[in-house]
Every structure is written in structure tokens, then in C-alpha cells.
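Q: In the working numbering, the protein residues as written are 13 to 120.
Where is the CB? At the ideal position from N, CA and C, for every residue including glycine.
Predicted model, so just to flag it, every value in this text is computed and none were measured.
One structure, as C-alpha cells, below. Some questions next.
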């Protein structure tokens, strides 16, 4: 049951910082932290590699040339067709799972 003390704690202006700090203490994050770090480090390495080999555009719109310009080092890319074709089905799957979760919640 949601009490008045819970409401006072929830409406606190510091709740965003408290909740953000609590993410790293949650059981879900602790169970998935290895996968999160592996994905983050892989993505950072790919971005750094592509910036070195293919150049990059900074936030001001200035194009910087590649630091390493070797023809045997290609820039790594993925085709967008796979993501474009699968996103509607993944969206529907998410909606159906959310609806079934709400239905189970209401039945409880």
C-alpha cells in the first residue's frame, strides 16, 4: 500500500539522483552487468576504429580525415535493411508482451 510517507519520499526533488544511483545496485543490473559492459566496450571499440580508419564528423559539423589511411583496413558498417524489416515485428511483440503483463497484473 502506498502511504503518505512513501509519497513524500517519491515527490522529493532528489529522487532522480537517488533512482539513478540505485540502478547500479539492482539485481537485474548485477546479473546483466557483464553483458552490458561487453556491449559497451565493443561499441566503443568499433566507433574508435571507424573514426581512425574512415574519419568522422564532430558536433560542429566539421569533417575530420582518417588518421590511418590504409586500403586494406575497411570501415565497418552494417546494412540497415535488417533493422528496417524487423523493427515493426519487434514493436508488435513488445506491445503484446506489455499487454499480457498488464493483464496478469490486473488478474492478481
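Going by DSSP in three states, residue 14 sits in which element: helix, strand or coil?
A: The sequence position of residue 14 within the chain shown is 2, counting from 1. In this structure, residue 14 counts as coil in the three-state DSSP scheme.
Q: Where DSSP assigns a beta bridge to residue 22, which residues make up the other side?
A: Looking up residue 22 in the chain shown gives position 10. Answer is none; residue 22 lacks a bridge partner.
Q: According to DSSP, is residue 110 helix, strand or coil?
A: Within the chain shown, residue 110 is the residue found at index 98, counting from 1. It is helical.
Q: Where are the alpha helix (DSSP H) runs, 4 residues long or more, that stay fully inside the region 28-97, in chain order?
A: 39-66
Q: Taking one C-beta from the region 35-42 and one from the region 13-26 each time, how about it: are there three or more such pairs within less than 8 Å?
A: In this structure the region 35-42 does not touch the region 13-26; the number of beta carbon pairs closer than 8 Å is below three.
Q: Straight-line CA distance for residue 55 to residue 45?
A: Walking along the chain shown from the start, residue 55 turns up at place 43. Walking along the chain shown from the start, residue 45 turns up at place 33. Using only the alpha carbons, I get a separation of about 15 Å.
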